[in-house]
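Chemist: In this note's numbering, the protein residues as written are 11 to 121.
We put the beta carbon where it would ideally sit given N, CA and C, even for glycine.
All values derive from a computational prediction rather than experimental measurement.
Questions regarding the structure given below will be posed in turn.
Dropping the structure here:
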C-alpha cells in the first residue's frame, strides 16, 4: 500500500510538472518526494539484498573507538575505510541500524 502511494505521488508530480509544465508548487513537491524516498529507504525492513546485508553485518561492525583496529585486523569483508567510518560513527551513537539507514539514505538521495 505504501509503495502504491509513492507511485501515485511520482506519477502525479511527473504529469503536472513535466508534461503539463506547471511551476507553481514544484519546489514543495520536490521536497515532499525527496523526504518520502528518504523515509521509505530508512524504515524498510528486511528488503533488498543490500539492506539485508547491512542489517546482518551491523551488529558485527566496530564503534568509533575500535574502527582503526577493525580496519587493520578484522576487515574480513574488505569494506572501504570511509564506509567503516560511517558505520562506526552511527554505531557509536546507537546500536540500532535505523540511524545508519537514515544517513545512508540521506547521502544516496541527496546525490
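Taking residue 85 as the reference, which of 67, 100, 102 has the closest Cα?
Modeler: Position 75 of the chain shown, counting from 1, holds the residue named residue 85. When each option's Cα is compared against that of residue 85, the closest is 67.
Chemist: Report yes if the C-beta distance between residue 74 and residue 51 is below 9 Å; otherwise report no.
Modeler: Residue mapping note: residue 74 aligns to position 64 of the chain shown, counting from 1. Residue mapping note: residue 51 aligns to position 41 of the chain shown, counting from 1. Cβ atoms of residue 74 and residue 51: not closer than 9 Å.
Chemist: Residue 119 lies in the alpha helix (DSSP H); which residues open and close that run?
Modeler: For the purposes of this step, residue 119 is taken as the residue at position 109 of the chain shown. Per DSSP, residue 119 belongs to the alpha helix (DSSP H) from 108 to 120.
Chemist: In angstroms with no decimal places, state the Cα-to-Cα distance between residue 120 and residue 83.
Modeler: Within the chain shown, numbered from 1, the residue matching residue 120 stands at position 110. Within the chain shown, numbered from 1, the residue matching residue 83 stands at position 73. Roughly 33 Å separates the two Cα atoms.
Chemist: For residue 91 and residue 30, what's the separation of their Cα atoms in angstroms?
Modeler: Here residue 91 refers to the residue found at position 81 of the chain shown. Here residue 30 refers to the residue found at position 20 of the chain shown. If you take the alpha carbons of residue 91 and residue 30, they lie about 46 Å apart.
Chemist: Using only CA atoms, which one of 101, 35, 60, 89 lies nearest to residue 72?
Modeler: In the chain shown, the residue the question calls residue 72 occupies position 62. Ranking the options by Cα distance to residue 72, first place goes to 101.
Chemist: Residue 106: buried (16+ other C-beta within 10 angstroms of its C-beta) or exposed?
Modeler: Within the chain shown, the letter at position 96 stands for residue 106. With fewer than 16 other Cβ atoms within 10 Å, it is exposed.
Chemist: Considering only residues of the same chain and omitting the five flanking positions on each side of residue 62, which have a CB-CB separation below 7 Å?
Modeler: As a position in the chain shown, residue 62 is number 52, starting the count at 1. 56, listed in sequence order.
Chemist: Under the assumption that residue 23 contacts residue 41 (Cβ atoms under 8 Å), give the Cβ distance between them as a whole number of angstroms.
Modeler: By 1-based counting over the chain shown, the position of residue 23 is 13. By 1-based counting over the chain shown, the position of residue 41 is 31. Rounded, the Cβ-Cβ distance is 11 Å, inconsistent with contact.
Chemist: Tell me whether residue 123 sits in a helix, a strand or coil according to DSSP, three-state version.
Modeler: Lying outside 11 to 121, the shown extent of the chain, residue 123 is not represented and no answer is given.
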